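Per numbering that gives the first Met the number 0, the very first residue in the sequence shown carries number 0; after that it's consecutive.
All C-beta atoms in this analysis are idealised placements derived from N, C-alpha and C, irrespective of residue type, glycine included.
None of these values were measured; they are calculated from a predicted model.
Here's the structure, in structure tokens; my notes come after.
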Amino acid sequence: MDNLVMKDIKLGVHPMFFIMPFMTGALMLIPGWIYFIVLLYFVWITVPNMFNQFRSQNDLMFTSMMPVTKRDIVKARIIVVAGLEVLHIVIAMGYSLITLRLYPNMNYIFFPPNLGFWGLCFAMLAIFNLVFIPIYYKTAYKIGAALLYSITAAMLFAGIAQWLGFQSPMMSDIFYDTDAYSRVLQAYILIAGIVIFIALTAIAYRIGVKRFLKVEIQ
0 MDNLVMKDIK LGVHPMFFIM PFMTGALMLI PGWIYFIVLL YFVWITVPNM FNQFRSQNDL
60 MFTSMMPVTK RDIVKARIIV VAGLEVLHIV IAMGYSLITL RLYPNMNYIF FPPNLGFWGL
120 CFAMLAIFNL VFIPIYYKTA YKIGAALLYS ITAAMLFAGI AQWLGFQSPM MSDIFYDTDA
180 YSRVLQAYIL IAGIVIFIAL TAIAYRIGVK RFLKVEIQ
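See the structure below:
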């Protein structure tokens, strides 16, 4: 498994994709910005380029000739994708700590980068994985429909969550207040987001494997 993961990283993950989190994460320093966009850059830029790179390298045929199972092929790819997603979130969280110190009295219109917001980010990427992986592994080659539906789902989640932050007094109190009670709730939302990320990515893996087992590699 370790060798498969390293193969995917070397063949499909350009070194620039490890620099990207630091570049996009720096957008967290913009006061009062729509911070969901920082994570959406991953699904807009990194994923399409990474999977197109796999296709141009004829990775599917190459990997199928290795002494590995289809289940392991899917697992390694998901480990790489999920690892990059977590890397983007962790680095963006680091920048957000600087933002919160630079602008302690900022009156946020969109969600502030607190723990609750990062819980929503984990949930957003979980939804992306749940849609993208099963659709992609229907063919393990075509990526257009998988990207279209998964990016749309992630953006809809972000848009609806932010709309609720504007419209719902309860949501507004949880995500915008800075009192001790709200911070505890935000921490619980972060934990829930991480659990959702793990659970939905695991479900996506299971569905992806079932579909990939039916694919004939030519």
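In its own chain, which residues sit with a C-beta less than 8 Å from the C-beta of residue i, not counting the 5 before and 5 after it?
{"i": "Ala25", "result": "Tyr94"}
Please return the same chain residues whose Cβ sits closer than 6 Å to the Cβ of residue i, not counting the five positions on each side in sequence.
{"i": "Phe35", "result": "Ala157"}
{"i": "Leu155", "result": "none"}
{"i": "Asn48", "result": "none"}
{"i": "Met170", "result": "Leu163, Gly164"}
Sort the options by Cα distance to residue i and report the nearest one.
{"i": "Asn2", "options": "Phe50, Phe110, Ile72", "result": "Ile72"}
{"i": "Phe61", "options": "Ile90, Val89, Leu10, His87", "result": "Leu10"}
{"i": "Ile142", "options": "Gln52, Trp162, Ile90, Met0", "result": "Gln52"}
Where residue i and residue j are concerned, what is the direct C-alpha to C-alpha distance, given to the nearest angstrom?
{"i": "Phe50", "j": "Met105", "result": "39 Å"}
{"i": "Ile150", "j": "Phe116", "result": "19 Å"}
{"i": "Val79", "j": "Val4", "result": "7 Å"}
{"i": "Pro168", "j": "Gly82", "result": "35 Å"}
{"i": "Ala186", "j": "Met64", "result": "46 Å"}
{"i": "Gly218", "j": "Leu189", "result": "Because residue 218 is not part of the residues shown, which for the chain are 0 to 217, the question remains open."}
{"i": "Leu86", "j": "Ile216", "result": "32 Å"}
{"i": "Tyr204", "j": "Leu99", "result": "36 Å"}
Can you give me the Cβ contacts of residue i inside the same chain, cut-off strictly under 7 Å, excluding the 5 residues immediately before and after it?
{"i": "Ala139", "result": "Leu59, Phe211, Val214"}
{"i": "Ala160", "result": "Leu119"}
{"i": "Val12", "result": "Met49, Val79"}
{"i": "Ala191", "result": "Gly118"}
{"i": "Asp172", "result": "Ser181"}
{"i": "Ile90", "result": "Pro20, Phe21, Gly24"}
{"i": "Thr200", "result": "Ile77, Ala81, Ala125, Asn128"}
Report the CB separation of residue i from residue j in whole angstroms; it is logged as a contact under 8 Å.
{"i": "Val183", "j": "Lys69", "result": "Going by Cβ atoms, the distance from Val183 to Lys69 rounds to 44 Å, so no, they are not a contact pair."}
{"i": "Phe131", "j": "Ile193", "result": "Incorrect: roughly 19 Å between the Cβ atoms, too far for contact."}
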